[in-house]
Amino acid sequence: MCNISNFVLDINNNVMKKSGLVFLVAILVVASTILWIAKSGVLSGVDVLQIGVIAVLVILALVFGYRRLTSERRGEPVEDELSKKVMMKASAWAYFISLYMWVFMIWLKDRVTFDTEQLLGTGILAMAVIWALCWLVVYWRGIRDE
Amino acid sequence: MNNRIRELRARHNLTQEELALKVNVRRETIVFLEKNKYNPSLKLAFSIARVFGLPIEEVFQMDDDE
Chain Y
14 MCNISNFVLD INNNVMKKSG LVFLVAILVV ASTILWIAKS GVLSGVDVLQ IGVIAVLVIL
74 ALVFGYRRLT SERRGEPVED ELSKKVMMKA SAWAYFISLY MWVFMIWLKD RVTFDTEQLL
134 GTGILAMAVI WALCWLVVYW RGIRDE
Chain H
-5 MNNRIRELRA RHNLTQEELA LKVNVRRETI VFLEKNKYNP SLKLAFSIAR VFGLPIEEVF
55 QMDDDE
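So the protein lines, in turn, are chains Y and H. Heads up: the first sequence runs through residues 14 to 159, numbered per our numbering. Heads up: the second sequence runs through residues -5 to 60, numbered per our numbering.
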């Protein structure tokens, strides 16, 4: 209980502004997903898949937020030149891959019965997954000779 | 590009975290530098060399094939 109240106090603190934002977005995503599940009643296979992907992305966001939080507590900058370069490179890769993903989705639309909401939802989730994968690949490979 | 950060850090009795704080980067950036998985900016390279009190070319060296 004491830890929770300390955490809430820390969120108000300026030191934790940026990490707090990651946690806030994760909470909003979880809340929206719960509302969506409660409203839709019976879930289709695609819905279950989408919920699974959202869960993975939320876990990744929490890990990301925790890393930033521990950096802040150690007195290190939340972002530095390496993390910015990894982010930029991952975003550039994800952008190009996402373009091809949308072309594929348009091709798929004429062959599979998808309603527009499902198509857009799947596409947006796929973009998030592509970005997360690109970030992981760039992070593990490192950035050399650039 | 190669560097002697690990060796110099040990000689100056500094942890990765302490060096990171001195040059104002995250600890993982020092980890990446020591593993040669990241080439630093000129500014960071100069900052690191200054911490060790050495000229930049004694901390960072180019590979022969580069």
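For glycine and all other residues, C-beta sits at the position ideal for the given N, C-alpha and C.
- In the same chain as Ala39 of chain H, and ignoring 5 residues on each side of it, the C-beta atoms closer than 8 Å to its own belong to Ile50, Val53, Phe54, in chain order.
- Taking C-alpha positions only, Ile110 of chain Y is separated from Lys98 of chain Y by approximately 18 Å.
- By the Cβ neighbour-count rule, Arg154 of chain Y is exposed, with fewer than 16 other Cβ atoms within 10 Å of its own.
- In this structure, Ser84 of chain Y lies away from Arg3 of chain H, with their beta-carbon atoms at least 8 Å apart.
- Where Tyr152 of chain Y is concerned, the enclosing alpha helix (DSSP H) starts and stops at 129 to 154.
- Beta-bridge annotation (DSSP): Asn(-4) of chain H is paired with H:Gln55.
- Beta-bridge partners assigned by DSSP to Tyr108 of chain Y: none are found.
- Under the 8 Å Cβ criterion, the segment 29 to 39 of chain H does not count as touching the segment 102 to 122 of chain Y, having fewer than three qualifying pairs.
- Spatial neighbours of Leu27 of chain H in its own chain (CB-CB distance under 7 Å, excluding positions within 5 residues in sequence) are listed in chain order as Asn(-3), Ile(-1), Pro34.
- Straight across, the Cα-Cα distance linking Pro90 of chain Y with Asp57 of chain H is about 31 Å.
- Residue pairing by DSSP places Tyr32 of chain H opposite Y:Ile156 in a beta bridge.
- Within chain H, the residues whose beta carbon sits less than 9 Å from that of Ile156 of chain Y are Phe26, Lys31, Tyr32, Asn33, listed in sequence order.
- Within a 10 Å sphere around the beta-carbon of Gly47 of chain H sit fewer than 16 other beta-carbons, which makes this residue exposed.
- Minimum Cα-Cα distance from Ile156 of chain Y among the listed residues H:Ala43, H:Arg44, H:Val45, H:Glu22 corresponds to H:Glu22.
- DSSP places Glu92 of chain Y outside any alpha helix (DSSP H), giving it a letter other than H or E.
- Proximity of Val53 of chain H to chain Y, defined by a Cβ-Cβ separation below 8 Å, is not satisfied.
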